[in-house]
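Just below is one structure, and these are the notes that go with it.
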């Protein structure tokens, strides 16, 4: 139940975008139906796919080993030491690390926040454009490569839980595309990007200002083509535009990779039965009464009705047939994407392809686009989260039917609670979702979703990616995704004992989630992953086997508790004025705000009163 509640419902981002970007504050019933339908439709899909993604022993789900290790540590009755290795008990290690992690997070989280994004080079030359473009974390390349904040290090995933070969694929993709290709594009002014920050999560107009979407909307919130042509084309930072191309490549790369590497496994799993299997987990779980498929089907039908009511009663302009199409996209990809995630701990997103499809089919409908993306891609994300929870039950021998009802109840309670908390935050936190909100409530994911709603929903992909448009060349990434997986597959066939077996092109092209992530999230993550998953695992396996996942759980838990304490004890009381003239304003909490990187300064600036960008749009 806790794992279900720990994952936020993406539908709350849709609600936040409607609030922040379009000043639409719908009533609670609309919000509740939207959250429940997206969450529980995903749950039913995950249950239906469980024979492919849960029962087979090859579906490891590395990340949940941390959770299982934590459960075993807290409930184990054994004394310190094991047969293989004596020493401090796992429970004691967890306690020490938990307290240490919690106490330390007060430093980068409140006392010395510059340690969180430690772009120390920009502090030395705060007004030098090139230095800030290269070494800045906020809007630059992030070549400073340091952070002392575990929440930044574990932003992508916990590096102690992700296999090293997965981390190697991911960091290789980040280095090649973000540190090699993106700077070439930026400094050559491709897409007029030199007039914008190198990395930014918002959209811009042809003066370099944040794109004012209200200028191209009719009173009924539909697209005004005349106003658009009078105002400005929509421009994206280099990393943002490149991330769209990489998302295109990831979709086709996933399908080709699945066809080349996983087709036999899918066929085997379709015939798979837990009875008589050598896997001990499957044999033990076969003693329980399984959840019948019609239970999941019943949840699906009920939530489908909720979804139809939500989009019809509140006049979202989303046709029911598009709702059905969005769910079909999720069903199509759940097995290939789920199998990759179960083996690698990394998920390939469907958000861009969902936006691309609906943007061409129903252009100019911003709410329709956001809802289609939610049902078409985020439903899949939730399905795989629920599937991972089922794998926890599989490892921990939880009866499937009890697991089913606990997940359903937890989803309802968690979704309702998240909506209540979000409403409270918007009512009580000053400047919520502002880029420079003083307590860090900047809502980066809401910014990404809001920008996407402009690109794909308001303006539409036809005016961005069709022939003759500014970002048309990014469509070639679809073809790139088809070709790339064939190369390591062929080389692995030709050289059977080579490392090419570990080259996963979907991870290489999809791993660079920049923005909203930065290099501060990737480089330390990969370094720590290399130390624990490569060096220590090879040289001190008994230590690694006993302590690694416990350590991972303790670090995450300590940061989570510290974050809650910092907010409710230090930031929220007295309207955030605690330490305003002392700790909040000292050098260690303000030095990074005085840099061009923080201000998002571009490399080039258009002359006063003039614009840049394509002459026609």
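Residue numbers (our numbering): -9 to 607. The beta carbon of each residue, even a glycine, is placed where N, CA and C say it ideally should be. Bear in mind the structure is a predicted one, so any value in this text is a computation, not a measurement.
Check, Outcome
"6 angstroms Cβ shell around residue 235 - same chain, five flanking residues per side excluded", "464 and 467"
"Touch test, the region 316 to 334 against the region 240 to 248, Cβ-Cβ under 8 angstroms, three pairs minimum", "yes"
"Closest Cα partner of residue 101 within the set 607, 605, 565 and 561", "561"
"CB of residue 386 within 8 angstroms of CB of residue 160, strictly", "no"
"Same chain, Cβ closer than 6 angstroms to residue 281, five either side skipped, listed in chain order", "390, 391 and 394"
"Exposed unless 16 or more other CB atoms sit within 10 angstroms - verdict on residue 82", "exposed"
"Close Cβ partners of residue 115 (< 7 angstroms) along its chain, the five nearest in sequence each way excluded", "121"
"Secondary structure of residue 18, DSSP reduced to three states", "helix"
"Three-way DSSP call (helix, strand, coil) for residue 71 in this model", "For residue 71, the predicted model reports a pLDDT of 44, less than 50, meaning its position is unreliable; a value from the coordinates is still stated below. Residue 71: coil per DSSP, three-state reduction."
"Stretch pair the region 589 to 603 + the region 168 to 187: three plus CB contacts closer than 8 angstroms", "yes"
"Range covered by the alpha helix (DSSP H) that runs through residue 545", "531 to 555"
"Supposed close pair residue 4, residue 361 - CB separation, criterion 8 angstroms", "7 angstroms"
"8 angstroms Cβ cutoff met for residue 612 and residue 497", "Outside the shown range of the chain, which is -9 to 607, sits residue 612, and nothing can be said about it."
"Beta-bridge partners of residue 194, as assigned by DSSP", "200 and 225"
"DSSP-derived helix/strand/coil call for residue 436", "helix"
"Nearest-angstrom Cα separation, counted from residue 333 out to residue 538", "18 angstroms"
"Beta-carbon proximity of residue -2 to residue 297, cut-off 8 angstroms", "no"
"Cβ shell of residue 338 (< 6 angstroms), same chain only, five flanking positions each side left out", "240, 244, 327, 496 and 500"
"Reduced DSSP secondary structure (H/G/I, E/B, other) of residue 55", "helix"
"Rounded straight-line distance, which links the Cα of residue 294 to that of residue 470", "36 angstroms"
"Cβ contact check for the region 429 to 441 and the region 187 to 199: 3 or more pairs under 8 angstroms", "yes"
"Chain-order list of residues whose beta-carbon lies under 8 angstroms from that of residue 70 (same chain, five-residue window excluded)", "Its pLDDT being 41, under 50, residue 70 is placed unreliably by the model, and the measurement read from it follows with that caveat. Counting only Cβ-Cβ distances below 8 angstroms, and skipping sequence neighbours, we find 76, 77, 78, 79 and 82."
"Contact between the region 518 to 525 and the region 142 to 157 (3+ Cβ pairs under 8 angstroms)", "yes"
"Of the residues 173, 57 and 215, the one placed nearest residue 355, counting alpha carbons only", "215"
"Meets three-Cβ-pair contact criterion under 8 angstroms: the region 104 to 119 and the region 571 to 590", "yes"
"Bridge partner(s) assigned by DSSP for residue 207", "213"
"Cβ-based burial, residue 35 [other Cβ within 10 Å; buried from 16]", "buried"
"Unbroken alpha helix (DSSP H) run spanning residue 178, endpoints", "From DSSP, residue 178 is part of no alpha helix (DSSP H); its letter is neither H nor E."
"Cβ shell of residue 119 (< 7 angstroms), same chain only, five flanking positions each side left out", "586, 591 and 593"
"Cβ-based burial, residue 623 [other Cβ within 10 Å; buried from 16]", "The requested residue 623 does not occur in the structure, where the chain is confined to residues -9 to 607."
"DSSP-derived helix/strand/coil call for residue 454", "helix"
"Cβ neighbour criterion (16 or more within 10 Å) applied to residue 211", "buried"
"CA-to-CA distance, residue 9 to residue 489, given in whole angstroms", "49 angstroms"
"CB-CB length for residue 131 against residue 173, believed under 8 angstroms", "6 angstroms"
"Burial state of residue 571, where buried means 16 or more other Cβ atoms lie within 10 Å", "exposed"
"Check whether residue 512 and residue 146 have beta carbons under 8 angstroms apart", "yes"
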